[in-house]
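The sequence shown begins at 136 in my numbering and counts up by one.
The structure appears below as structure tokens.
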Amino acid sequence: MAQKSDYLSAPELVRKIEHMFGTKPLAVASAPGRMDFLNTHQDYKGLPVVPIAVNLRTYVALLRRRSGSFKVHSLTLKESGAEYTDEFETTDLRIRGGGWFGDYLRSVIVSLQRRGISPRNECGEIIIDSSVPIASGLASSAALEVAFCTLLNHYWGLQLSPPEIAETCFVAENSVMGIPCGRLDQYSAAIGGAILLHPSPPVKYESLPLVRCVFVAVDSGIRHSVKEIHPVRQREINMGLEQILEKDIPPSLRARLSKHYASVAWDQIEYRELEPILREVEEKPAKRIAYTLLANESTSRIVEALRKGLASLELLANVINEQHELLRDLYEVSTPEMERMREAMLTNGALGVKISGAGLGGCLIGVCRDEQDARRALEAAEAVGAARGWTLSIDKGCSLDHVA
136 MAQKSDYLSA
146 PELVRKIEHM
156 FGTKPLAVAS
166 APGRMDFLNT
176 HQDYKGLPVV
186 PIAVNLRTYV
196 ALLRRRSGSF
206 KVHSLTLKES
216 GAEYTDEFET
226 TDLRIRGGGW
236 FGDYLRSVIV
246 SLQRRGISPR
256 NECGEIIIDS
266 SVPIASGLAS
276 SAALEVAFCT
286 LLNHYWGLQL
296 SPPEIAETCF
306 VAENSVMGIP
316 CGRLDQYSAA
326 IGGAILLHPS
336 PPVKYESLPL
346 VRCVFVAVDS
356 GIRHSVKEIH
366 PVRQREINMG
376 LEQILEKDIP
386 PSLRARLSKH
396 YASVAWDQIE
406 YRELEPILRE
416 VEEKPAKRIA
426 YTLLANESTS
436 RIVEALRKGL
446 ASLELLANVI
456 NEQHELLRDL
466 YEVSTPEMER
476 MREAMLTNGA
486 LGVKISGAGL
496 GGCLIGVCRD
506 EQDARRALEA
516 AEAVGAARGW
526 TLSIDKGCSL
536 DHVA
């Protein structure tokens, strides 16, 4: 289980930097990780999703000013024994590739340029520290992007709103870096709280009331990247769509479909309408399309119940379990190891548990009735192989936490 030290705060980071570098930072900004709570794998299809920002945060500090270039130290990577420094000029923002951490910062500046914001000559020495586990399904990359953009927003006087920061960071990851993500992670990190996000432009979001519960997350310790999962599922959906469009289907249905997953009017199609046709589609593509429709219908029902104050913890937990089973059986992004951890949690205090993020590893998230049940669930998961676990609370979005 997580220790108190796993939940990093801005004052702790300021003291840590002063101890390590002999001076306090000039500014510190942060952004939260997130639980991919409901309608996982749907934001890149333009469907509404429910992320929850949590109290595991990434902090980006400006240590010293310097002209023309940024020098970056990641304390998180240093502590893990990985390569942890980067340096780049604002006139040379080439993406290195290979998952290099500095690319997330470079891409934010490139994205700002695409908004018509020229990089300033005022750069600096940057310190990164984070309690969001990397590549675990809690959106560590978005937290880093949004925290860095929030720091630049202050340092360069950009006056960007949280949604503008979110969109800048989405373009950075999706377009500049070429990672096939949706808008879920960046908007959750920038806006915070529990929100219903409609990710298709014009992007809309609303705060979503939740029932009283304790959230938990466990890191399976299994690592897979979005780049290894999203493109495969997207191709499979496109394959299924092509097979459907080759058939004799009603014109009204054909008008809502497309050969590309991102251009389908998914929210205007019910599963029962496509179910007979999917029987004639290859198994994997049919499963991916069935998941898309069934998970969205499940999300719509629970969101409406939450809005009306009619949702109990038991109902919410049932939906969480239902959505995990859809992810496991129809999207096929679980693993035997994750299923063992999930079963251990469900038999030891957790009411509902599902995958968070791309899957095939990463995190499982769950809801429990109280802290005692949460501790039991986390201990049970760790006993069958989970790397670590946390009790989590809903947290704010991006923030400027310290100015000297």
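Using N, Cα and C, we set each Cβ at its ideal position, and we do this for glycine too.
Bounding residues of the alpha helix (DSSP H) (the contiguous stretch that carries residue i)
i: residue 259; result: Careful: residue 259 lies outside any alpha helix (DSSP H), inside the beta strand (DSSP E) at 257 to 265.
i: residue 187; result: It is not in any alpha helix (DSSP H) - residue 187 instead sits in the beta strand (DSSP E) that spans 185 to 202.
i: residue 242; result: 237 to 249
i: residue 351; result: Unbroken run through residue 351 is the beta strand (DSSP E), 349 to 354; no alpha helix (DSSP H).
i: residue 372; result: 361 to 380
i: residue 326; result: 319 to 326
i: residue 212; result: 210 to 215
Where residue i falls: helix, strand or coil (DSSP)
i: residue 139; result: Any reading at residue 139 is ruled out, since the residue's pLDDT is 46, under 50, leaving its predicted position unreliable.
i: residue 174; result: coil
i: residue 305; result: helix
i: residue 391; result: coil
i: residue 340; result: strand
i: residue 151; result: helix
i: residue 397; result: helix
i: residue 227; result: coil
i: residue 145; result: helix
i: residue 478; result: helix
i: residue 167; result: strand
i: residue 538; result: strand
i: residue 206; result: strand
i: residue 218; result: coil
Residue from the options with nearest C-alpha to residue i
i: residue 167; options: 189, 214, 161, 176; result: 189
i: residue 227; options: 211, 233, 254; result: 254
i: residue 344; options: 297, 482, 448; result: 448
i: residue 176; options: 468, 240, 519, 420; result: 468
i: residue 414; options: 353, 231, 370, 379; result: 379
i: residue 261; options: 416, 303, 241; result: 241
i: residue 308; options: 382, 274, 401, 214; result: 274
i: residue 87; options: 306, 425, 243; result: Limits of the chain in this structure are 136 at one end and 539 at the other, which puts residue 87 out of reach.
i: residue 395; options: 412, 377, 381; result: 377
i: residue 353; options: 498, 465, 458; result: 498
i: residue 494; options: 474, 232, 373, 451; result: 474
i: residue 338; options: 301, 431, 373, 514; result: 301
i: residue 316; options: 342, 213, 397, 384; result: 397
i: residue 401; options: 147, 155, 183; result: 183
i: residue 511; options: 476, 539, 249; result: 476
i: residue 507; options: 526, 517, 461; result: 526
7 Å Cβ cutoff met for residue i and residue j
i: residue 496; j: residue 323; result: no
i: residue 162; j: residue 289; result: yes
i: residue 165; j: residue 534; result: yes
i: residue 152; j: residue 172; result: no
i: residue 393; j: residue 181; result: no
i: residue 438; j: residue 331; result: yes
i: residue 312; j: residue 238; result: yes
i: residue 509; j: residue 351; result: yes
i: residue 282; j: residue 195; result: yes
i: residue 259; j: residue 210; result: no
i: residue 423; j: residue 370; result: no
i: residue 202; j: residue 224; result: no
i: residue 485; j: residue 519; result: no
i: residue 421; j: residue 487; result: no
i: residue 329; j: residue 532; result: no
i: residue 141; j: residue 266; result: yes
i: residue 426; j: residue 466; result: yes
i: residue 391; j: residue 404; result: yes
i: residue 419; j: residue 455; result: no
i: residue 320; j: residue 277; result: yes
i: residue 491; j: residue 272; result: yes
i: residue 256; j: residue 430; result: no
i: residue 537; j: residue 149; result: yes
i: residue 412; j: residue 361; result: no
Delimiting residues of the beta strand (DSSP E) encompassing residue i
i: residue 446; result: Note, residue 446: premise wrong, no beta strand (DSSP E); not H, not E.
i: residue 284; result: Segment 275 to 290 is the alpha helix (DSSP H) holding residue 284; no beta strand (DSSP E) there.
i: residue 523; result: 523 to 527
i: residue 252; result: Here residue 252 belongs to no beta strand (DSSP E), and DSSP marks it neither H nor E.
i: residue 332; result: 330 to 333
Can you check the segment 399 to 474 for any alpha helix (DSSP H) of at least 4 residues that lies completely inside it and give the ranges in chain order?
406 to 413, 418 to 442, 448 to 464
Go through the segment 480 to 535 residue by residue and report every complete run of the alpha helix (DSSP H) that reaches 4 residues or more, in order.
506 to 518
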